[in-house]
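> Throughout the sequence shown, residue numbering follows mature numbering (1 follows the signal peptide of the UniProt record, and there is no 0), covering -20 to -1, 1 to 534 in sequence.
All C-beta atoms, glycine included, are put in the ideal place defined by N, C-alpha and C.
Pasting a structure below so you can have a look.
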Amino acid sequence: MKIKFLSFIASFFMVSFVITSCLDDDNNIEYSPDATIHAFELDTIGGYGVKYKFTIDQLSREIYNEDSLPVHADTIIDKILIKTLTTASGVVTMKDKSGNDSVLNINDSIDLRKELIIKVWSTEALAGISPNQTKEYKIKVNVHKHDPDSLRWEYIVGADDNNITGPQRSIILGSNVLTYTETTSGLKVYKNTVSGLNNWSPNSIVGIENSIKTLPTSIIEFKDMLYATFKDNNNTVYAYTSEDGINWSALTSLTNIELFLAPIKEKFDSEKNARISYIKKVNDNKYIFTTSTDGVNEEYALYDNNKKYLDGEARKKFPSKITSYTNYENRNGTQGVLLIGEAEKSTTLSNDGTDIAIAVAWIYSEESQEVNKLNENREPILDDNDTPIKENIIVSGWGDLPAGSTYRYCPELKNPIIIHYNSQFYLFGDGFEAFYTSPSGRDWEKANKKFSFPHQNWSKENIGYDPIKFPEFRGRKNFSMVVDTEKDAQNRANNYLVFIFGKNDNVSFDEEVEKEDSSRATTTVKRSYSHNSEVWRGRLNQLWFDKDPEHAGK
């Protein structure tokens, strides 16, 4: 940076004062004590084409940008121009390498990777009238230390002593996470607080049939209660409800339940779900979508002969085991629900004559229909003119969302999980190959590499497996997850993706790597490792910035 010496500037002011006095004794020159910065602006941040607004805090004498620069901008601001620096005198200095005041020339680039102290001189100070009429300002350029579009992963120390080895499933009830797992002595459940995840003493499930040995085929939270369906060894379906996730009671008032699908909300921000959606079995093996505002009483169910049935091929493609559902808010403010699971028959997409099995989400919908009002014998109720009295009912149902393109689909997954996160849908399953993302739940693509699971660089020799230094998710199957949406005192959600892993001594996956020769061809290598029980949580950095703005640039 080119520097002009302050002594020259001061001398210039003094000489001007003397010459003016000699030429005209009646001329009074007014010098200002103003030593404030009135405007400050950096040049456009190269590569981003963005101008960032800077705040001038006159009380603390700090100049800073509230919106942090992108994470890699420090390679740009090491040589950047100050486009605007407005003062009354036009003289601003900084310390040179010798510690002396030297005039700052804004026509030369400057390094702003570190805080810079500058001094503004008033004309009174330059003229020697009031030497102390100067002010020092600190320029601080905030730069994100973490990419806002990346997931930040955290290994939960002390939460890894669970003894889960079999299949598992987790769900949030109130402020607790309930993790169900299959053991040789039957189903067990672990109960933790969402913020704790350190209580791994198993509880036996009370109240279910002894013949039930496997995880629920569906489980949902509705009005501070859990509703679940189980199958025994004979494929008999049982429906239960629970207030604490440990003690269960059979549902006798809701009959012929096959699956609980999802809670339905009237308003997305409502603390209570408005209705419960489920499938019930009726005559000649027809399946019917219905909802209830009560959840334990058939009288509150909104179904009749006009309801939508799930028959034939559609029934085979609808999930027979619900592995995940997600509530979300549409752009128009209405609520929406997507669910996914494992079906009896795969949905396929034809690509050059080859059928590809794909993952398919199902979306909830409602429509109003005018029907005859029925009495308790399901006969039309007539008015005084013997005309059937009409009423409007809500007909609810679920429709599939198969991909519309061979270029935008998610392959069929084992144990698929769907979430709505940061206004996007994400889908993944056993193996943890990648997140798939979609704006609507229909067409999918692999998420940006920034939004990915932890994986280590296996090309390095003998690095071993270390959950903190070299984390790896690929190949894992024994897991469950929940989304922590608990809110703090400022009504800001945690937005953590919480993953619970059981111990596994035999994890493997295939990785495509370049051959060691110069052909740049690739080959497939099998990677194997083992891991203990672990708990991880991840969060998109930009959501962390929103929750902790004071740490946005750290």
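List in chain order: all unbroken beta strand (DSSP E) runs of 3+ residues lying wholly within the region 434 to 486.
459 to 464 and 476 to 481
> Mind checking whether Trp101 and Ala15 have CB atoms under 9 angstroms apart?
yes
> To which residues does DSSP link His511 through a beta bridge?
For His511, the beta-bridge partners assigned by DSSP are Asn484.
> Compute the Euclidean distance between the alpha carbons of Thr270 and Leu362, then round it to the nearest angstrom.
Using only the alpha carbons, I get a separation of about 26 angstroms.
> Going by C-alpha distance, which of Tyr32, Lys467 and Tyr406 is nearest Glu425?
Residue Tyr406 holds the alpha-carbon nearest to the alpha-carbon of Glu425 among Tyr32, Lys467 and Tyr406.
> Going by beta-carbon coordinates alone, are His400 and Asn475 separated by less than 9 angstroms?
no
> Can you tell me whether Trp524 is helix, strand or coil according to DSSP?
helix
> Contact defined as beta carbons within less than 8 angstroms: I believe Lys296 pairs with Lys325. What is the distance between those atoms, to the nearest angstrom?
4 angstroms
> Using CA coordinates, which residue listed in Thr235, Asp485, Ser110 and Ala254 is at the minimum distance from Val262?
Thr235
> What did DSSP end up calling Tyr344 once you bin it into helix, strand or coil?
In the three-state reduction of the DSSP assignment, Tyr344 falls in the strand class, which pools E and B.
> What three-state label does DSSP hand Cys2 in the structure shown?
The pLDDT assigned to Cys2 is 49, lower than 50, so where the model puts this residue is not dependable, and the model offers no usable value.
> Just grab the DSSP bridge partners of Trp378 for me.
Tyr344
> Return yes when the Cβ of Thr221 is within less than 9 angstroms of the Cβ of Leu206, no when it is not.
yes
> If we count the other Cβ atoms within 10 Å of its Cβ and call it buried at 16 or more, is Tyr344 buried or exposed?
buried
> Going along the chain, which unbroken runs of the beta strand (DSSP E) with 3 or more residues stay wholly within the region 64 to 118?
72 to 75, 81 to 84 and 96 to 101
> Mapping the DSSP letters down to three states, classify Thr55 as helix, strand or coil.
helix
> Going by the CB atoms, is the gap between Lys171 and Asn179 shorter than 9 angstroms?
yes
> Comparing the C-beta of Leu49 with each C-beta of chain C, is any distance below 9 angstroms?
No chain C is present in this structure, which holds just one protein chain.
> Which whole-angstrom value is the C-beta distance of Ile17 and Leu65, which I expect to be below 8 angstroms?
7 angstroms
> Would you mind working out which of Arg358, Gly316 and Pro396 sits nearest Val340, comparing C-alpha positions?
Pro396
> In three-state DSSP terms, what is Lys370?
strand
> With DSSP as the reference, label residue 535 as helix, strand or coil.
Residue 535 falls outside the range modelled here, since the chain spans only -20 to 534, and no answer is possible.
> Please classify Ala532 as buried or exposed, where buried requires at least 16 neighbouring CB atoms within 10 angstroms.
Note that Ala532 scores 48 on pLDDT, short of 50, meaning its location in the model is unreliable and no value can be drawn from it.
> For Asp490, list the residues DSSP reports as bridge partners.
Lys506
> Could you give the C-beta distance for Asn521 and Ser130, rounded to a whole number, given that I count them as a contact under 8 angstroms?
6 angstroms
> Given this structure, state the Cα-to-Cα distance separating Thr164 from Thr145, to the nearest angstrom.
10 angstroms
> Kindly provide the ranges of any beta strand (DSSP E) runs that are 3 or more residues long and lie completely inside the region 288 to 354, ordered along the chain.
299 to 309, 315 to 323, 327 to 331, 334 to 338 and 341 to 352, all fully within the region 288 to 354.
> For His126, report the span of its beta strand (DSSP E) as first-last.
For His126, there is no enclosing beta strand (DSSP E), as DSSP marks it with neither H nor E.
> For Ala242, which of Arg255, Gln113 and Thr232 has the nearest alpha-carbon?
Comparing Cα-Cα distances from Ala242 to each of Arg255, Gln113 and Thr232, the minimum goes to Arg255.
> From Trp228 to Thr161, what does the alpha carbon distance come to, in whole angstroms?
16 angstroms
> Excluding the five sequence neighbours on either side, which residues of its own chain have a C-beta within less than 8 angstroms of the C-beta of Phe(-9), listed in chain order?
Because the pLDDT of Phe(-9) is 46, which lies under 50, any placement of that residue in the model is unreliable, and the question is left without a value.
> So, does the region 403 to 418 touch the region 380 to 395, judging by three or more C-beta pairs under 8 angstroms?
yes
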